[in-house]
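Student: Letter by letter, the sequence shown follows residues -9 to 241 of my numbering.
By construction, the Cβ of each residue, glycine as well, lies at the ideal position given by its N, Cα and C atoms.
These figures come from a predicted structure and were not determined experimentally.
Structure provided below as structure tokens; questions to follow.
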Amino acid sequence: LARHEDARKHLKDAAHYRAVHAGTFKALGEACAALGKPDEAAAAYETAVAQEPAWAEGHVRLGNIYIALKKDREATRAFEAAMKSLPDEAKMLTALGGAYMRLADADTDEKARAVGLEKAADVLERAVKLEPQDPSIRVSLGVAQVKRKRWEPARVALQAALRLRPDDALAHKNLAEASAALGERDEAIASASRALELDPDYKEGHEKLGALYESAGKDEEAALSYKEAVRAFPQSAALHGKVGRAMSRLG
């Protein structure tokens, strides 16, 4: 770290006295990143890519830093610039897809949200083709398709992910939602149950599982699931009501 700090000091001085040299800012960005100074690293890389726009790796580094800083809009701009020279970089496409999804989730305009989710699905599909054995990419694609309510493509992506990594809680949660929407109730119940086994903090899953059991006419199982949901959310009048209605149907 001392070496990086020394390098950072001299590179900042070099940048001050010779501000037109892109290589100085590249090295400064690298030193700042190594020192855990992402804001300074981003500023240095921004200057470097402004002076040398064809430096694709710089755009990738900048995008990754912005992801860490939770600046998804800036990250997408950087990754989109990198794609001009690196269209087949699966890791970058996956990060870009995630950024598109988060931006879409935060967008209150439904049309803009739909466009953002479509862009996410497109780049994630490309990433899957490049890295077909990476379950994380397939899970991300499945989540994007669930958000788009493209249930069958979501189910296909998530089932493929689970063949590669059977104990992925996020995949099971989303597969449960897609399967339920497709009318595959047994598969939905199995996935929701498995998600709860894998992720005890998935507290809202108890209510979703209860609803699935209720729709299947399994009131005893529904009541038990709703009771678990009440333990997680004891102030919820709606959940208490669901427990009561399921119990009353049991006689």
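Evaluate R239 with the Cβ neighbour count: other Cβ atoms within 10 Å of its Cβ, from every protein chain shown; 16 or more gives buried, anything less gives exposed.
Tutor: exposed
Student: Could you tell me the distance, in whole angstroms, from the CA atom of K139 to the CA atom of E42?
Tutor: 41 Å
Student: Measuring only the C-alpha atoms, how far is G88 from A72?
Tutor: 16 Å
Student: Roughly how many whole angstroms lie between the Cα atoms of A150 and G195?
Tutor: If you take the alpha carbons of A150 and G195, they lie about 22 Å apart.
Student: For A38, which residues from the same chain have a beta carbon less than 7 Å from its beta carbon, with the 5 sequence-adjacent residues on both sides left out?
Tutor: The residues are A12, F15, K16, G19, W45, G48.
Student: For the alpha helix (DSSP H) that R239 lies in, which residues bound it at each end?
Tutor: Per DSSP, R239 is one residue of the alpha helix (DSSP H) stretching across 227 to 240.
Student: Specify the secondary structure class of L76 as computed by DSSP and reduced to three states.
Tutor: coil
Student: CB-CB under 6 Å to A212, same chain, minus the five flanking residues each way: which ones, in chain order?
Tutor: G200, Y203, E204, A236
Student: Beta-carbon within less than 7 Å of S215's beta-carbon, same chain only, minus the 5 sequence neighbours each way: which residues are those?
Tutor: H196, L199, G200, Y203
Student: So, K193 versus A219, is the Cβ gap smaller than 9 Å?
Tutor: yes
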